[in-house]
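S.K.:
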Ligand SMILES: [Zn+2]
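Numbering (this note's numbering), first residue to last: 4 to 229.
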């Protein structure tokens with residue numbers, strides 16, 4: 004037994020040294036990778052909740068339903084960006100899951116910045132191809148007025164009215180083959196549907212390619228007697 008140990012002592016010792024150094028290397032690599040990721044995230048916005056709702060004409064009952072979430076995504080420059088989405092608390096978890104999926108798929112999202120940046124002007128935000136959710140407008144019917152809808156890359160996925168051919172935003176261009184553009188079979192559209200969202204591309208009066216909504220806003224329920 005002693006001879007056995009003597010014979011293999013050196014090999015065993017070398018093996019242990021090698022094992023420890025590999026483990027050490029892996030840890031260092033992981034640390035390096037984390038640092039690199041943190042270094043390369045471009046911050047598109049970093050509002051506080053108060054800043055994100057400032058200037059909105061929405062009543063307190065609506066504001067209290069909202070949540071400001073951070074999302075990361077690959078933008079059109081292929082770099083990782085961090086933005087924020089102001090959404091109804093009811094869909095906050097869904098949106099986190101969807102943006103994780105969007106990142107995994109490397110589906111390019113130009114920017115995700117609350118509409119306060121555009122002075123609450125939805126047209127300006129859309130023309131800038133900016134993704135957003137809450138906007139207190141068209142309050143009698145819009146899911147955006149309660150943060151229950153999100154518009155993804157609006158310039159690339161415009162809203163096209165079937166009869167008048169009116170297009171929103173005005174500079175919108177729907178080129179189905181371009182990265183960042185949605186269609187009925189697109190994995191991002193399927194992911195939204197899986198989580199119970201309706202897609203505007205299936206609406207009867209218009210093709211609202213950018214738009215996803217979920218649930219029924221309270222006001223609508225009252226109006227419909229539900
Ligand atoms: Zn919309």
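Don't be surprised by glycine CBs; every beta carbon is placed ideally from N, CA and C. Remember, it's a predicted structure, so these values are computed and weren't measured experimentally.
Would the beta-carbon of residue 76 fall within 8 Å of that of residue 105?
M.R.: Numbered from 1 along the chain shown, position 73 holds the residue referred to as residue 76. Numbered from 1 along the chain shown, position 102 holds the residue referred to as residue 105. Cβ atoms of residue 76 and residue 105: closer than 8 Å.
S.K.: Can you tell me whether residue 218 is helix, strand or coil according to DSSP?
M.R.: The residue labelled residue 218 in the question sits at position 215 within the chain shown. Residue state, collapsed to three classes: coil.
S.K.: Please report the distance separating the alpha-carbon of residue 208 from that of residue 153.
M.R.: Residue 208 sits at position 205 when you count from the first residue of the chain shown. Residue 153 sits at position 150 when you count from the first residue of the chain shown. Using only the alpha carbons, I get a separation of about 19 Å.
S.K.: Could you give the residue range of the beta strand (DSSP E) that holds residue 72?
M.R.: The count along the chain shown starts at 1 and reaches residue 72 at position 69. Residue 72 -> beta strand (DSSP E) spans 69-77.
S.K.: Keeping to the same chain, check which residues put their C-beta closer than 7 Å to that of residue 52; ignore five residues upstream and five downstream.
M.R.: The count along the chain shown starts at 1 and reaches residue 52 at position 49. Cβ within range, chain order: 71.
S.K.: Can you tell me whether DSSP reads residue 154 as helix, strand or coil?
M.R.: Position 151 of the chain shown, counting from 1, holds the residue named residue 154. Three-state DSSP puts residue 154 in a strand.
S.K.: Rounded to whole angstroms, what is the Cα-Cα separation between residue 88 and residue 43?
M.R.: Taking the chain shown and counting its residues from 1, the one referred to as residue 88 is at position 85. Taking the chain shown and counting its residues from 1, the one referred to as residue 43 is at position 40. Going by the C-alpha atoms only, they are around 21 Å apart.
S.K.: Using the three-state DSSP reduction, which class does residue 209 fall into: helix, strand or coil?
M.R.: Position 206 of the chain shown holds residue 209. Strand, per DSSP.
S.K.: Under 8 Å, with one C-beta from each stretch per pair, do the segment 169-176 and the segment 185-201 reach the 3-pair mark?
M.R.: no
S.K.: Can you look up residue 46 in the DSSP assignment and give me helix, strand or coil?
M.R.: For the purposes of this step, residue 46 is taken as the residue at position 43 of the chain shown. In the three-state reduction of the DSSP assignment, residue 46 falls in the strand class.
S.K.: Would you kindly report the start and end of the unbroken beta strand (DSSP E) that includes residue 300?
M.R.: Coverage of the chain is limited to positions 4 through 229, which leaves residue 300 absent and any answer about it impossible.
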